[in-house]
Amino acid sequence: MTPGDHLLEALQERAKELSTIYRVNEACKSPQSSLDEIFRSVVQILPAGWQFPETCFARILVDGTAYGPAGADATPWRQSAEIRVQGESSGWLEVFYRDERPEADEGPFLKEERKLLDTVAERLGQVLLERRLLDALQGRPDAAQANEPGSEWRVIVDFLRQTDPRSLVRISRRMINYLCWNGVAAAQDLLPHFAGGREALAADDNRPAPRRSAESLLGVADEAFRLASSHLTSAEIRSCIQKWIRDDKADFLLRAAENPGTSTTELAQALARFHDSHLDDRRLSRTVQVELRVSLARRFLTDDLEFVDVAKDFIDTGDFHDLVRRVISPPKSYGRLGGKASGLLLASKIVQKSTEFADALGDVRIPKTWHLTSDGILDFIEFNQLEDLYDRKYLEIDQVRREYPHVIQVFKNSHFSPEIVKGLSLALDDFGDRPLIVRSSSLLEDRVGASFSGKYKSLFLANQGPKADRLSALLDAIAEVYASVFGPDPLEYRAERGLLDVHEEMGILLQEVVGNRVGKYFLPTFAGVAFSNNEFRWSPRIAREDGLVRLVPGLGTRAVDRVGDDYPILVAPGQPGLRVNVTPADVVRYAPRRIDVIDLESGTFETMDLDRLLEECGAEIPGIEQVLSVADESGLHRPYFLDWTSKKGRFVPTFEPLLESTTFLGRMRALLRLLREKTHGPVDIEFASDGKDLYLLQCRPQSFAEESAAAPIPSDLSGDRVIFEAKRFVSNGRVPDLTHVVYVDPEAYAALPDATSLLRVGQAVGRLNKTLPKRRFVLMGPGRWGSRGDLKLGVPVTYSDINNAAALIEVARRRGGYVPDLSFGTHFFQDLVEASIRYLPLFPDDPEIRFREAFLRESPSVLAEFAPEFRDLEAVVRVIDVPKVTGGSILKLLLNADEDHAVAILAPPDPGPGSAVRSSRSAVRRRTSG
Amino acid sequence: MKGSFNAFEMAQAQFDKSADILALDAPTRDLLRWPLREFHFAIPVRMDDGKVKVFRGFRVQHNDARGPSKGGIRFHPQETVDTVRALSMWMTWKCAVVDIPLGGAKGGVICDPHNLSAREQEAICRGWVRQVAKNVGPAIDVPAPDVMTTPQHMVWMMDEWEVIHGHRGPGFITGKPVGMGGSLGRTEATGYGAMYTLREALKKMGIDVAKTKASVQGFGNVAQYAIQLYTKMGGTVVAVSSWDQADQTSYTFRRESGVDGAELKTITDPFGGIDKAKAKALGYEVKAGGDWIAEDVDILIPAALENQVTGETARRIGKRVKVVVEGANGPTTPEADAILKERGIFVIPDFLANAGGVTCSYFEQVQCNMNFYWTQEEVLTKLDAKMTKAFHDVADLAASRKLYMRDAAYVIAVSRVAKASRDRGWV
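Those sequence lines, one after another, are chains A and B. Take 61 as the starting number for the first sequence in my numbering and just add one per residue. Take 30 as the starting number for the second sequence in my numbering and just add one per residue.
See the structure below:
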């Protein structure tokens with residue numbers, strides 16, 4: 061290890077040293093400063109990095125000049141390092157204690173201080189070299205030799221010849237190529253000199269090619285530049301040489317990144333060296349720059365070509381350097397960061413570096429994040445000899461389910477290797493006692509078509525108390541997230557998709573939780589998720605591209621998960637005026653009532669009543685006035701100020717002030733548009749606000765969310781496989797195995813004589829909802845399901861009468877001159893959304909679509925079997941047992957919003973592991989999207 | 030479609046029944062079977078995207094012989110004029126049964142507020158007023174909120190009317206927020222009104238309210254205030270059923286020592302759902318939602334949805350039950366009605382029992398016209414007087430003509446309107 065290689069380790073030693081190195085680097089980087097100024101400031105900076113700063117001083121001796129505090133004389137307690145330039149000694153860096161201090165590793169000095177000193181000395185050596193080279197380039201007098209105009213490049217060539225002949229040879233080679241491309245015939249004659257003896261080999265296979273002496277190659281170099289000077293302008297030569305020198309300097313990094321055998325630590329060191337050499341990949345030639353970025357992206361992030369293609373424009377080498385400073389990995393790691401981490405990194409760089417929408421977007425922040433590489437889990441398994449676990453994934457899923465609790469316990473009682481523990485400890489120092497979220501970032505998540513949304517755990521940590529406790533809680537949480545790889549839901553999901561044989565590697569994302577301490581709780585003021593494509597449109601005026609935002613007060617878990625008994629606020633950023641709930645009563649009903657927070661005292665994640673939290677400490681929540689309206693006798697108001705003492709009315713989180721009077725929706729619109737444009741596809745993001753700033757927490761392609769993936773529509777729809785079809789207002793999704801169709805015949809329904817009969821139809825549907833196989837039947841009926849006013853307009857049902865259906869279909873038949881409006885599920889829209897019940901409007905009179913009315917009206921009905929007491933409604937409510945009627949087929953409902961096309965087709969049942977309809981909504985508490 | 034269900038035809042049939050009892054003459058029947066006036070108009074609205082969309086609006090004034098007509102404005106995507114006609118007729122009877130000097134009307138716009146931004150809804154409200162400004166007003170026809178319309182809509186409409194007429198006139202419309210011409214006591218009015226009629230019924234039947242027990246269906250606004258007042262009068266509510274949104278079913282909460290409405294309110298969500306676990310902790314027994322009707326009580330108060338007391342459920346009604354107070358709209362089906370009649374259970378029909386709401390609207394209008402607003406106590410005292418008198422009028426008629434309470438209420442309402450029309454010399 062050279063002293064320079066110590067840099068990364070030193071960086072990771074202690075915050076004090078880190079800060080010293082940082083400040084030294086800052087001082088050295090300043091291009092305006094003279095060498096004198098740099099040395100003087102370094103001397104001032106250094107003592108703070110030593111154990112006893114009050115008695116410490118530093119001195120630099122270079123070229124016979126000493127830099128140091130006035131009147132400071134050498135003492136016996138001295139530590140020194142040589143400053144070397146190109147292998148030659150150029151001076152000394154010294155640190156002294158004025159008086160005696162306890163004995164340590166090296167006299168009174170620590171071994172970490174030795175590393176620090178060596179690192180700084182190396183850095184000063186680099187500064188000296190750079191300055192000398194710069195002086196040469198700029199033709200300063202002390203750069204010796206020729207200073208006639210236009211001949212700076214000669215100085216560089218000479219300088220290289222003396223200091224780095226290998227580099228000069230490589231540059232000459234590129235110059236010859238360059239000349240050849242420019243049609244300089246003479247240059248071609250020089251090519252064989254670099255060919256590594258290919259002609260020689262051709263001449264005699266058995267004789268080794270003669271080794272070309274460095275001398276002779278340098279001769280070729282001279283020839284090359286002689287040719288160049290007669291064909292190219294000086295400026296052109298100089299610019300070429302400068303670019304190539306930089307490329308050449310970057311070469312080590314490129315080789316490290318491209319070599320699959322480079323470990324994460326080694327690559328991190330290479331990145332640090334690149335960074336410390338003040339290289340910026342934007343100044344490299346385009347090819348080298350792209351190659352470098354692509355290699356790094358593939359090494360750290362993903363092989364996915366589309367992702368890399370976007371990433372190379374936004375994530376530069378410097379970003380990777382910043383990133384690896386917060387990457388923890390096993391000693392010989394070749395792991396990546398995983399899908400979630402990659403998505404967030406890319407999104408954050410897009411937001412930072414794009415100029416489009418910058419005004420609308422404002423300052424979007426990213427919470428501080430550390431990463432544990434994906435092979436950390438392999439290291440963990442190996443360290444604890446848990447390899448037998450790999451076999452468990454082939455067990456019957458029920459057995460997996462039974463044994464999973466034991467797996468968790470085994471994981472929690474296992475240990476992490478010391479390198480990981482050390483890395484995590486460092487991360488904790490960096491985070492302080494901010495609450496943390498431990499998120500999984502799996503490699504399989506990268507794969508298109510495989511969404512592990514919600515399958516793996518994410519855990520919140522209060523991160524309070526003594527460091528040892530915090531560390532042990534963190535290790536515990538990571539072990540639990542690791543265990544979730546072997547959980548039944550992900551395994552079942554992988555089995556269904558043929559991903560079982562791949563070793564799942566899982567990166568870990570450690571993120572500080574956005575928010576504030578409020579009373580004994582920690583929470584963001586609000587958080588949520590947003591989608592580029594709105595797959596749950598509650599009005600025909602909302603276009604798919606208008607997007608969707610799900611907002612909740614507190615932690616975003618309740619917006620990510622469908623919690624069933626509570627509702628987020630839904631807004632379409634492109635149509636902010638059209639709200640799901642219109643009357644004050646509905647707004648109050650469908651407003652969030654509970655809130656997820658971290659209880660800092662008990663150290664737990666809690667779901668509590670919003671009212672209780674507001675009563676306890678509502679006034680302390682920053683920005684809460686953007687969230688709340690007041691409901692009282694005369695309706696819902698936006699108060700000008702929140703009166704926390706008043707007992708009249710109660711607070712309702714409508715988010716009206718935020719949506720109406722702030723730039724929030726505009727920012728969301730800009731964010732969604734920017735990310736959609738740059739990543740060439742719709743995205744799905746998570747965000748949070750501490751009441752002041754907006755933070756981006758996650759970003760991934762929207763199609764990764766299973767529920768909103770477009771179902772491919774088969775190209776062959778011939779014959780009578782199609783039962784019905786829709787080409788308007790189609791959202792995405794699929795219901796693969798419908799066994800029953802409940803069809804309320806529109807004409808028979810309209811012909812019912814009285815209100816009682818109409819109501820009975822609703823009751824019959826409610827009955828069927830309880831007796832038909834759950835989530836395997838579709839409800840089709842005229843007009844507006846759940847009509848509350850005029851019963852003729854639609855079957856009067858409440859949500860409880862339809863909550864087990866897989867899909868709800870409204871049939872709009874032309875009546876006289878017009879086609880009636882449909883409800884778009886508005887009567888229980890939010891309930892449909894939270895239960896993922898598909899909604900589809902059908903317009904059978906549209907000549908472009910197929911609607912096999914005969915199948916629905918004439919197939920034998922099994923109503924009497926499932927709802928005998930409603931036998932008399934046989935002509936109105938028809939229940940079709942699809943397999944029975946079709947000889948074993950089932951009905952597949954495929955919805956594809958991209959093509960605005962949906963079909964219900966008869967198909968043989970899918971083979972495969974049992975019924976794939978097992979609900980995976982077994983909501984694990986404390987889980988975000990996985 | 031022939032023979033199919035039509036709300037207006039149903040309202041006419043109901044009127045015919047009362048007209049037969051009263052032996053009304055042909056011209057009076059002709060007059061009252063149909064609305065006096067109907068306005069159908071277009072409301073062009075410039076939408077948020079700059080395009081103009083034309084909405085259809087209505088105002089149907091069924092009868093104003095007894096005073097300015099009164100009735101709500103509905104925003105409904107599939108509004109039909111027949112629905113509006115039926116509802117305007119029911120408003121005439123409702124105002125007449127509580128003997129307030131108002132006629133009946135109803136209006137609406139064919140639109141779905143779910144598809145409209147707030148600004149577009151405001152434009153529709155103002156457009157509606159512009160089209161009928163000359164034919165509505167504190168002394169002509171007084172609108173109010175209804176399906177999908179809110180106090181905010183009422184304030185926009187009031188503002189437009191005042192701008193057109195060049196003066197303030199908060200009596201033009203009711204259902205406004207308190208402080209903008211709204212009346213205190215509105216929240217309590219329906220539930221309290223129902224209990225005033227119950228008190229009078231018990232008095233008439235010679236039953237001491239303090240010795241009665243009641244079971245209530247629903248725990249919404251009406252039920253909560255009904256429980257409050259009934260308890261204050263000395264009665265004991267032993268069971269209340271409420272809808273549980275999470276479980277998508279209802280439960281009955283029972284406590285023999287008595288249900289404490291205020292206590293339950295603290296553990297109730299906005300759907301009117303009561304927290305089961307907390308209720309158990311408070312000593313409530315949690316039973317199936319339908320069990321409320323089978324309680325061993327003297328009084329049943331269905332105060333949730335329509336069609337809850339059916340032929341099937343009515344058979345579960347306990348032996349001890351003497352009175353049914355219809356706090357909800359149309360909670361009893363005709364089959365159930367027959368059972369109640371047969372068992373001799375005294376029914377306080379919906380449009381009498383829940384007329385407290387419209388009475389309070391009338392008070393709002395009165396206060397607006399005076400530009401002087403009463404305290405809540407004054408409003409409720411006046412409400413008590415109105416409801417008490419209305420009850421006795423109906424009950425006395427039922428007794429003297431041996432009519433079922435529901436029929437008696439209709440008959441008295443129709444007779445009052447018929448009389449006013451005759452007194453004016455219309456028929």
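We put the CB at the ideal spot given by N, CA and C, even for glycine.
Distance check for residue j and residue i, CA to CA, integer angstroms please.
i	j	result
V821/A	E913/A	20 Å
S101/A	L486/A	28 Å
S749/A	V574/A	7 Å
Q205/A	R214/A	Residue placement at Q205/A is poorly supported in this model, since its pLDDT is 43, which falls under 50; the coordinates are not used for a value here.
E208/A	L313/A	Unreliable placement is indicated for E208/A, whose pLDDT of 49 sits below 50; no coordinate value is reported for it.
I30/A	G793/A	Any question about residue 30/A goes unanswered here, given that chain A covers just 61 to 990.
V315/B	V184/B	43 Å
P363/B	T339/B	8 Å
Looking at the structure shown, is residue i part of a helix, part of a strand, or coil, going by DSSP?
i	result
L329/B	strand
A203/A	Annotation note: pLDDT 41 at A203/A (below 50); position unreliable, coordinate value reported separately. Here A203/A sits in helix by DSSP.
Q274/B	coil
K242/B	strand
A632/A	coil
T946/A	helix
H105/B	strand
F701/A	coil
Taking Cβ to Cβ, would you say residue i is nearer than 7 Å to residue j?
i	j	result
D626/A	P652/A	yes
R345/B	I322/B	yes
A427/B	V126/B	no
L551/A	V657/A	no
A815/A	V838/A	no
G235/B	S270/B	no
A173/B	T203/B	yes
S599/A	H182/B	no
V690/A	G709/A	yes
I950/A	T799/A	yes
A316/A	L356/A	no
I965/A	V782/A	yes
Closest Cβ-Cβ distance between residue i and chain B: below 7 Å?
i	result
N863/A	yes
T617/A	no
S101/A	no
Counting only beta-carbon separations shorter than 7 Å, does residue i have a partner in chain A?
i	result
F405/B	Per the sequence shown, residue 405/B should be read as Gln rather than Phe. Output row for Q405/B: interface = no.
V446/B	no
N164/B	no
D366/B	no
Q107/B	yes
T219/B	no
F248/B	no
Quick one: does residue i have its CB under 7 Å from some CB of chain D?
i	result
T216/B	As a matter of chain content, chain D is missing from the structure shown, whose protein chains are A and B.
Handout entry: Segment contact, 8 Å Cβ cut-off, at least three pairs: the stretch 123 to 140 of chain B with the stretch 84 to 103 of chain B
Key = Taking 8 Å as the limit for Cβ pairs, the verdict is that the stretch 84 to 103 of chain B does touch the stretch 123 to 140 of chain B.
Practice task
Determine contact between the stretch 367 to 375 of chain A and the stretch 396 to 414 of chain A, defined as no fewer than three beta-carbon pairs at a distance below 8 Å.
Solution key: Taking a cut-off of 8 Å for Cβ pairs, the stretch 367 to 375 of chain A and the stretch 396 to 414 of chain A touch, as three or more such pairs fall below it.
Practice task
Decide yes or no for the touch test of the stretch 536 to 544 of chain A against the stretch 599 to 618 of chain A: beta carbon pairs closer than 8 Å, at least 3 of them.
Solution key: Cβ pair count under 8 Å is below three, so no.
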